[in-house]
Each structure stands twice: as C-alpha cells, then as structure tokens.
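First comes the structure, then the notes that go with it.
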Amino acid sequence: MSATTADAARARAASRAGSLERQRRWALWGSYAALSCFVVAFLTPPFYMIITSLKTSAEISAEKGNPWLVYTPTFDNFIELATSPSFQRYFLNSVWVTAMVVVISMAIAILAAFSLARMGFKGSQTIATGVFLTYLVPPSLLFIPLFQIVGFLNLLDNTWVLVLLFPTLAVPFCTWIMIGYFGSIPKELDEAALIDGASYMQILFQIFIPVALPGIIAATIFAFTVGWGAFLYPLAFLYKGEQLVLTVGIVSELIRGDVFAWGKIMAACVMGALPPILIYTFLMDYYIAGLTAGATKG
Amino acid sequence: MAEVSLRKVVKEYEGGVQAVKGIDLEIGDHEFVVLVGPSGCGKSTTLRMIAGLEDISGGEVWIGGDVVNDVPPRDRDIAMVFQNYALYPHMSVFENMAFGLKLRKFPKDEIQRRVSDAARMLDITPLLDRKPKALSGGQRQRVAMGRAIVRNPKVFLFDEPLSNLDAKLRVQMRTEIKKVHQLVPTTTVYVTHDQVEAMTLADRVVVMNQGIIEQVGAPQELYHNPATRFVAGFIGSPAMNFLPVSVIDDGGLKVQLANGTKLAVPPQKVDRYGPHKGKKMTLGIRPEHLTEVRSNEKAGVQHMVAPVDVVEPMGMETLVHFFIDGVAVCARVDPLTPARPNENLELSADMNNMHLIDDQTHKVV
Amino acid sequence: MADGSGAAVDMGRASAPPRKVGSLARVSRRKSLTAVALCLPLIALIFGLKLYPTLYGIYLSMLNRRMTEFVWFDNFIFLLGRNTFQMVMFQSCLFAVTAVILKATLGFILAHLMHNIRGKNERVWRGLLLVPWVIPLALSTLTWWWLLDPSYSAFNWTLEWLGFSKISFLGETWNARIVVILVNTWFGAPFFMIMYLAALKSVPDQLYEAAAIDGANAWQKLIYVTLPMMRNIISITMLYSLIVTFADFDIVRILTNGGPQDTTHLFATYAFTVGIQSGNIPRGASVSLFMLPILAMFAFFILRGVTKRNKEV
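Line order of the protein sequences matches chains U, L and F.
Take 14 as the starting number for the first sequence in this note's numbering and just add one per residue.
Take 742 as the starting number for the second sequence in this note's numbering and just add one per residue.
Take -10 as the starting number for the third sequence in this note's numbering and just add one per residue.
Structure follows, in structure tokens:
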C-alpha cells in the first residue's frame, strides 16, 4: 500500500474515531434518563402514601401549600393506629389468616407437586393440566356461588372462611411452580436415594425440599402475597369489625361516611403495605424467580 | 482488494488485563490463515476484533485498504461462521442464508440465485425449507457456511467451527472447508485450538500464546523449523520430546543425555550448534524421529537404548513410552517391533531432525 | 406408605417367577396409591372449591330471585336487555384489551431499557420499578383515590400550579374509565417487565452478533431477532393478563364503585353490586357467568401456546 493511500485511509478513520463508543454511551445515558422518568412515575403513589401518612388532619383539610410536601410532619397517625384495638384486630387477623393460608397452601402444593412431577401415575398429566386451568378461573367468577355455599356452612362472617378459601387462589400456581422445580431435579438423585434405601417420603423431605428450596421460597412468597392482599373474598364474606382483615378493614371501616381521615388511612395503608415490601426487599430474587418460573419452566 | 492487516493490535480489559498484547500480521488476498493456540491465547479475541464484535484497545485493523477500528460490523463487509452456528431458529434454511442479502436490499432473483448456488456447492439443497432444529450438527454447520458464502464478503471469519462436531464429522467437514476455499478463494481467517486442523487447512499458520504471536509460517515450515519451544511442542502429535542435554566435545560435537548416552551432532549442524559447546540446553526430537533400528539407515542416525515403560499399539504404528532420568519420552516404532514393558529396546534417533532449545530464551537455536 | 426397603426384601425372598411378578405389582401399586394419596388434597380443593362452585353457579343463575323455581335463561335474557349491563360488557372488554396492550408495551419498553443497562445497578432499578406490583392492590388503589379526590387531589393542585384547570378525574365517564385503565397499567406493567426481561436475557448473544455481521441495525435486530424469539412469551403473558384484567375487581370497586352512573362497572363489580349488595343472588351469578365463555377462549389459546413451546427445541 502506498503512503498516500494509507494516509487517505487513516484520514477516513480519524473522522469516524470513537463513533462506536459514543453511540454506545448515548444509548446508555438515554436508557438511564428514560428509566429515571419511569421510576418517578411508578413511585409517585407510594411516595404520596407515605407523605400523607405523616400529615395531621388539620394540614390536610387546610388545603394550603404544596400537597406533595409535608409541613408539620407527625407520627400521630401511626401511633393512633397502633394503639387502636380495632386496627390491631385487623392486623392480627391478616397475620394469622395469611400464616395459615401459606402453611396449608404450601403443604398441599408440595405434596401434590411431588406426586405429579415424580410418581407419574395414570392421569397425572390430566391433573397437571387441570391445575393449570383452574388457576385461570378467577375469584370474581366464583364468589357468588361460594357465598351461598359458605352461608350453608355457617361460615359467613368468620375469618376461618378465608383460611378455607384462600388456598384456592394460591395452590394452583404454587403447585405449578413446584412441579417445575421438582421436575428439574435430575432423576439420578432419586435413584441413588432409592438404592441407598430411602422411602418416597424420605426422598421428598430430605432431598427434594432442600434442593428445590429456591422454588419453595418463591412459591411461599407468592402464597403470602395472595393471602395478605386479597380483597374480594374478605369483602364478600366478612362483615363484623372483629373478623375483618387488613385490606377490607381499612377500606370499609376507616372510611366512615364523608369524613375522611386521610392521614390515618394512608398511615394504615403504609403499615399494610410494609410486610410485603419488607419481604420483597430481602427476598427480591426469589420473588422474581417465582414470577418467571411459570413462564420458563412451564 | 481484501487483504487484512493487524498493526500493533492490543486488547485490554478493565483492570489492565491484556488478552492481546500488540500483534502484527499481514494477510494477503485469497490467503487462508489459521490462528491456532491453547485456550486463552487471544486467538478468538483477535478474530472478534477483526469482525468488530470487540472494541480495539490499541493499534489498527485494516480490511481491504481501510482502517476499520470504528467501523461497525455491518459495514465491514465480512462474514462469520460461529462455533455454535448462530442460526436464526425461527427462519428456514433458505431465509437464514438470505437474511444478510435481504437486509442489503438485494433483488429477489439475485437472492434466489446466490442461495441456490451456495446450497448446491454445500450439498444442502434438499434442506432449504427446514428449520435449524430439524438439522444435524454437520448440516447446521454447512448452513452457517452457506450464509457466509452468499454474502460474497471481503473476508471469511471462522471461530472454531468444528469444535462442536464429533471426531469423524470433523475430519469430513475439514475437507469440505478446504474444497469450498478452492472454489471460492476469499481471504479467510480461521481460529482453532486443534493443530491438526491448522496444519491441514492453512496456507500459513499463526501460532499464538498468551496474547502474542509465537511464529507465522507455512505448516511445513512450522513443523520442520519451529522458532520457539512453544511452537515446537504445540505442532505435531504426539508432541515433540524435550530432553535436557549438555553440549560436549567428545571427539566431535555431541549432546549428552541425562543417562549418559552421547548422540553425535550431524555434520551439517555442527557450525550452528558449535558456539553452544559446554552449555546445558534442551534437545527437541519428535517421536517420529525415534524409531526402531532399521537397515539402510542414513548418515546422522544414532542409536540409543530405551527402558520401555508402556507400549501403546495404534495399529499402523506402536507408541513406546519410557523415561530418561524422570523425563517422559515417546517413540514411534513399527508395529511389528518386539517392544515389551520393563525390557530394553534399541532405538534409532534421526539426529538430522534434532533441535536445540536455549533454556533461558526458550528459542530454538 | 410405599417403602422401598420392604419391597426389596420381598423380592429377595421370592423364588419362583410368578411370585416375583406379584411382588413387583404390589410395589408399583403401593407407589401409585401413595401418589394418588398425595394428590388428594389438591384434587379435593379443586373439585370442592372451584369445580363444584362453578357448576353450582350455573345452577344458581337459572333460578328466580327468591331461588324457589327454575327460570332457565331468564336472568341472562334480562341482563342482555338492560342498558347498564350492555355498558358493563363494553367496559369490561375495553378495559381488558386497552390495559393489556398498554401494560405489554410499557413492560416491553422497560425490559429493553433494563437490558441496556445490564450490570450491578440492574437490581436496584428492577427493585424500584417492581414496587407497584408488590403493594397490595387494594391499598395502592386507595392512594390513587386520594390522589384523584375531587376536592383535595394533588394532581389537580399540580395542574393548577402549572396554569391548567382542574380535571374531574372520577366524576366524568370517560375520565373515570381512562383513570381505571391507567391504574391497572401502573399496577401490571412491572409484571410484564419482569417476564419480558427474563425472555430477553434468554436470547443468545451470538444471534445478535450474527445479525450485526449480516448487516442489521438496532431496529432490524429488534424485528428480526428479538420479537420472533420472544413471540411465545409475549402471547402467553398477554393472554394470561387478559384473563386476570378481565376479572379485576379491586380497582373499580375502590376507585369508582362502578360510577359515575355505572359507566365503569366491570363484570366482577356489577356482579357484587347485584348479587351481594342487592341480594339478587341468581342474577349476580348470571353476571359472573358471562365471563366464562370469554375466559375459556383465552385459556384455550394459552394452553395451545404453552404446549407449542414445550414441543419446540
């Protein structure tokens, strides 16, 4: 190559120099900018929830100043709620209903998933598909007939009805997740255990559950979320103050007539949202794994 | 013009790790050059820098008279065959091969012509309507090559294309690739870790090690005249034997092995090795040059005794493994030779093919 | 309980072939029994609390108000004739389709943005963006209600501060409908983002490299590589979301309770109002049941999509 053509080539290159890197940097900073906008939009309601919970009712009704800021912050709302026996009642009801639901749902789901994933018997495929289908039947389809049934069983207005019904919301998806996780455990593990002399129950508890722990945690978080946040069933089946759970309690009881104590309401919402948020902060990866499990493993 | 030049090319990662430490290479038009070396030597990184899939940290890459450092891959007029084929799973074989042409807005009949020509050349015409998942490994590899051929690029780049195939298929595809290059003599840069592939396919072989080029040359050149210990030990299978020796004068220039055996240096090499008299060096001699004793041996062949350890009959030859002062040595003997473990066997060492390696510089003197 | 060790001893003692076959059969029968036993709670749950109520609901919908006699399809015919119910059908479809399209698009965009910034930061951003999905829907809807309150709305304050006039978010039909869709989008987009991000990550990098060498720019890579590879996940998540959104209850109930003047009622909320609040159980059941054929259709498409995926390599 002659010197002049080489120079010409270098000149061309110089004009393009760094263009690839510049393009990539633009894409990166543009993405950050767009994401920031979305984060602001997404977090506006939670932010406002917290801000309002710190306001006194005087400040709220005064309508002065910027509603996005709090001028005389106070924790009174939280304190009032924490010391109010009815709120404590709601919170505790939610806690124990959710705990029971999680335990029951996971028990049913794990046993069924183990059976369906491993001990293939005639009809197991049909049942597995059936499980998936029932997940697609929404609560809003069933709540009216259930209302009648629950009435016959004399369980209306009793938190036990939730313990009975909530598993229907959680079990199908939890089973689905667990089938996926159990299915991905290599068969050689069972065979080695069988040769070592283990029974099927031992295999379940000592091998499958420990190995599939991420899936179990994900499914448990899902069951918890469903139980804690459910609204329709409690609204339809519970009436008396002492039987209410958190979600319905806040909506039905704290909103009396036209007198809205919004500071307190928002404070109640903050406290109601706290458990899921806490679990989510510490176990975010399992939470997300639970979501994507249905898609990638199913 | 489709020459490829690498001038002082460097690839540095965050943290200062240099995968490629400044290499220079000139590849001529129509040449088939193979980059070969062990894992981590920088050959794939170099290939990807030529392709534009990796940023170039330093130096220049030229393709066909243009500096392409900041040119995106789509504008470099290159085609690449990946180790994992990288075929678009949702497109048929025809669509896979036509994709690049479609993006460049070639007319339909031109696309049809090119794809059918390439399919004929690669013997995949009956597969044109199938999806990749319905093809075997060898067929997928051919489709990947077809995709490269239809583009008629300036340079073909191959990134270990045969590594995912079983041994028998690999041998078969090697021949196919060579045949294709004869029909379509585009400049080719081919990366592999298999030195047999390198030797059989290349016009010139580039041996790389830890980010630098150890030697560039025709296959035979690298075989007969390796420049460094690394190249000497890398090329050829089984690998060359390396024995510590002293260069002595014992009625003529000789090398003395650790077990006392003295082997005379043939006359044509005396001037070359003479200056190293009295030094401790490494003798390199290939297993194929340690044979059984034959009649009509030419001048320069010396005899030695091997305390046989393990015998591996290969069918067309037998490998005899033994130790000299703890150093493993391998000899290739006629299959009918009576070699048995724990017995001594007399061998002929063809000293015309000896190499002496400096222990400090690791270069062949 | 199936005990592997017991079976082994059995087979050891067996001498004649017929006895061996017998004990093998016993082992496998024991295994099957255990398997079915483990599944029983699940099956009981599904039959008792999902299948039976569905059938019972169908039965209920064909009764008269006092539930004393059969009226067959009178309830359905009555509903189809009412203007309110026709609006409910329209609103439910509008709501579901619009919200799902918005959620999918937004989720897709977010997934791409997240994919662009891959690295350690990703977890933080992902965490922040997932918050709408994590807060119980009833509680976050309450917050939205407060944000849109006719007198105290913070949004209205901001609008006036910027020089625009107040908007009656929940008081006017189309405003209310748009708001309901928006809240659902806000709530559901993170789910789509997570799903699509996982799908994006599963597309092999080498396909993009091959496309780059073939001459594709960023837009062409999206159309020819990304979208085809994600086609299945996109359709499955959209169909699933259609089902869930179609049957949504919380948002409308809390924000508008169907108002203004029943213009935001969905099947679920209208069924609640008619069935439980007004006490007309059979009619409420009929309202709910209108969802069944549509949901069944969606479910059929999902099943087809899932089994198709399982067949693909």
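C-beta atoms are modelled at their ideal positions from N, C-alpha and C, and glycine is treated no differently.
What does the Cβ neighbour count give for F:K155, buried or exposed, with the cut at 16 atoms within 10 Å?
Within the third sequence, residue 155 of chain F is the residue found at index 166, counting from 1. Classification for F:K155: exposed.
If you measure from the beta carbon of F:I222 to each beta carbon in chain L, is any gap under 8 Å?
In the third sequence, residue 222 of chain F corresponds to position 233, counting from 1. No, because no Cβ of chain L sits closer than 8 Å to the Cβ of F:I222.
Going by other Cβ atoms of all chains shown within 10 Å of its Cβ, with 16 needed for buried, is F:F59 buried or exposed?
Taking the third sequence and counting its residues from 1, one reaches residue 59 of chain F at position 70. Answer is exposed; the Cβ neighbour count stays below 16.
By how many angstroms is the C-alpha of L:G1025 removed from the C-alpha of L:V1052?
On the second sequence, position 311 is the one that residue 1052 of chain L refers to. On the second sequence, position 284 is the one that residue 1025 of chain L refers to. Taking the straight line joining both Cα atoms gives about 21 Å.
Roughly how many angstroms lie between the CA atoms of U:S197 and U:M191, to the nearest whole one?
Within the first sequence, the letter at position 184 stands for residue 197 of chain U. Within the first sequence, the letter at position 178 stands for residue 191 of chain U. Taking the straight line from one Cα to the other gives about 10 Å.
For L:N1000, which three-state DSSP category applies?
In the second sequence, residue 1000 of chain L corresponds to position 259, counting from 1. In the structure shown, L:N1000 sits in coil (DSSP, three-state: anything other than H, G, I, E or B).
Does DSSP classify F:Y213 as helix, strand or coil?
Reading the third sequence from its first residue, position 224 is the one you call residue 213 of chain F. Helix at F:Y213.
Taking F:I225 and F:G294 to be in contact with their CB atoms under 8 Å, please state how far apart those CB atoms are, rounded to whole angstroms.
Taking the first residue of the third sequence as 1, we reach residue 225 of chain F at position 236. Taking the first residue of the third sequence as 1, we reach residue 294 of chain F at position 305. Contact holds; Cβ gap of about 5 Å.
Among F:V233, F:L34, F:G46, F:A178, which residue has its Cα nearest to the Cα of U:I121?
Counted from its first residue, the first sequence places residue 121 of chain U at position 108. Checked all of F:V233, F:L34, F:G46, F:A178; the closest Cα to U:I121 is F:L34.
Any beta carbon of chain F sitting closer than 8 Å to that of U:C282?
By one-based count along the first sequence, residue 282 of chain U stands at place 269. Yes, U:C282 counts as interfacial toward chain F.
Could one say the Cβ of U:A232 lies closer than 8 Å to chain F's Cβ atoms, at least one of them?
For this step, residue 232 of chain U is matched to residue 219 along the first sequence. Not closer than 8 Å to any Cβ of chain F, the Cβ of U:A232 fails to qualify, so no.
On the criterion of 16 or more Cβ atoms from any shown chain inside 10 Å, does F:V113 qualify as buried, or is it exposed?
Walking along the third sequence from the start, residue 113 of chain F turns up at place 124. Exposed.
Are the C-beta atoms of L:Y964 and some chain F residue less than 8 Å apart?
Residue mapping note: residue 964 of chain L aligns to position 223 of the second sequence, counting from 1. No, L:Y964 lies away from the interface with chain F (no Cβ there is under 8 Å from its Cβ).
Per-residue burial, F:V302 [other beta carbons within 10 Å of its own, 16 or more giving buried]:
The residue you call residue 302 of chain F lines up with position 313 of the third sequence. Confidence at F:V302 is low in this model, with a pLDDT of 37, below 50, so the placement of that residue is unreliable and no value is reported for it.
Within 8 Å (strictly less), CB to CB, does U:A30 reach chain L?
Along the first sequence, one-based indexing puts residue 30 of chain U at 17. Closer than 8 Å to some Cβ of chain L, the Cβ of U:A30 qualifies, so yes.
Per-residue DSSP class, three states only, for L:E938:
Numbered from 1 along the second sequence, position 197 holds the residue referred to as residue 938 of chain L. Correct three-state label for L:E938: helix.
Would you mind giving the Cβ-Cβ distance between L:A1047 and L:L1088, rounded to the nearest angstrom? I have them listed as a contact below 8 Å.
Translated into the one-based positions of the second sequence, residue 1047 of chain L becomes position 306. Translated into the one-based positions of the second sequence, residue 1088 of chain L becomes position 347. Confirmed, Cβ separation roughly 5 Å.
Between the C-alpha atoms of U:D20 and U:G31, what's the straight-line distance to the nearest angstrom?
The residue you call residue 20 of chain U lines up with position 7 of the first sequence. The residue you call residue 31 of chain U lines up with position 18 of the first sequence. One C-alpha to the other measures close to 18 Å.
So, with DSSP's three-state summary, where would you put U:D298?
Taking the first sequence and counting its residues from 1, one reaches residue 298 of chain U at position 285. Helix at U:D298.
Whole angstroms is fine: what's the gap from F:D251's alpha carbon to U:G43's?
One-based indexing of the third sequence puts residue 251 of chain F at position 262. One-based indexing of the first sequence puts residue 43 of chain U at position 30. Their backbone Cα atoms lie some 43 Å apart in a straight line.
Determine which residues of the segment 182 to 197 of chain F have a Cβ less than 7 Å from any Cβ of chain L, and write them out in chain order.
Q195, L196
Tell me which residues of the segment 752 to 769 of chain L have at least one Cβ-Cβ distance to chain F shorter than 8 Å, keeping chain order.
none
Between which two residues does the beta strand (DSSP E) harbouring L:A1072 extend?
Counting from one through the second sequence, the residue named residue 1072 of chain L turns up at place 331. That run of the beta strand (DSSP E) goes 1068 to 1074.
Listed in chain order, which residues of the segment 836 to 864 of chain L have Cβ atoms closer than 8 Å to some Cβ of chain F?
F840, G841, L844, R845
Selection of the segment 18 to 52 of chain U by Cβ proximity to chain L, strictly under 8 Å
T18, A22, R23, R25, A26, R29, A30, G31, S32, L33, E34
With 16 other Cβ atoms within 10 Å as the buried cut-off, status of L:M1055:
As a working mapping, residue 1055 of chain L is identified with position 314 in the second sequence. With fewer than 16 other Cβ atoms within 10 Å, it is exposed.
What does DSSP give as the partner residues of L:V1046 in its beta bridges?
Against the second sequence, residue 1046 of chain L aligns to sequence position 305. Answer is L:E1087.
From the DSSP output, which residues share a beta bridge with L:E753?
As a position in the second sequence, residue 753 of chain L is number 12, starting the count at 1. Answer by DSSP bridge pairing, in chain order: L:Q759.
With a cut-off of 8 Å on the beta carbons, I'd call F:V241 and F:L231 a contact; round off their distance for me.
In the third sequence, residue 241 of chain F corresponds to position 252, counting from 1. In the third sequence, residue 231 of chain F corresponds to position 242, counting from 1. 17 Å between Cβ atoms; not a contact.
When you compare only the Cα positions, how much space is there between U:D271 and F:P139?
Along the first sequence, read from residue 1 onward, the residue named residue 271 of chain U stands at position 258. Along the third sequence, read from residue 1 onward, the residue named residue 139 of chain F stands at position 150. Confidence at U:D271 is low in this model, with a pLDDT of 48, below 50, so the placement of that residue should be treated as unreliable; the coordinate-derived value is given next. Computed Cα separation, rounded: 12 Å.
8 Å Cβ shell around U:V110 - same chain, five flanking residues per side excluded
Taking the first residue of the first sequence as 1, we reach residue 110 of chain U at position 97. Excluding sequence neighbours, U:V110 sits near T172, L175, V176, F179, G240, V258.
Should U:W173 be flagged as near chain F, meaning a C-beta pair shorter than 8 Å?
Mapped onto the first sequence, residue 173 of chain U falls at position 160. It does not: the Cβ of U:W173 has no partner Cβ on chain F nearer than 8 Å.
Nonlocal neighbours in the same chain, by C-beta distance under 8 Å from U:A24, ignoring five residues either side:
In the first sequence, the residue the question calls residue 24 of chain U occupies position 11. The answer is none, since no qualifying residue turns up.
Using beta carbons (cut-off 8 Å, strictly below), is U:L105 in contact with chain F?
Counted from its first residue, the first sequence places residue 105 of chain U at position 92. No, U:L105 does not count as interfacial toward chain F.
Segment contact flag, the segment 942 to 949 of chain L with the segment 986 to 998 of chain L, C-beta cutoff 8 Å, min 3 pairs:
no
Note down the Cα distance separating F:L136 from U:V261, rounded to an integer number of angstroms.
Numbered from its first residue, the third sequence carries residue 136 of chain F at position 147. Numbered from its first residue, the first sequence carries residue 261 of chain U at position 248. Distance between the alpha carbons of F:L136 and U:V261: 20 Å.
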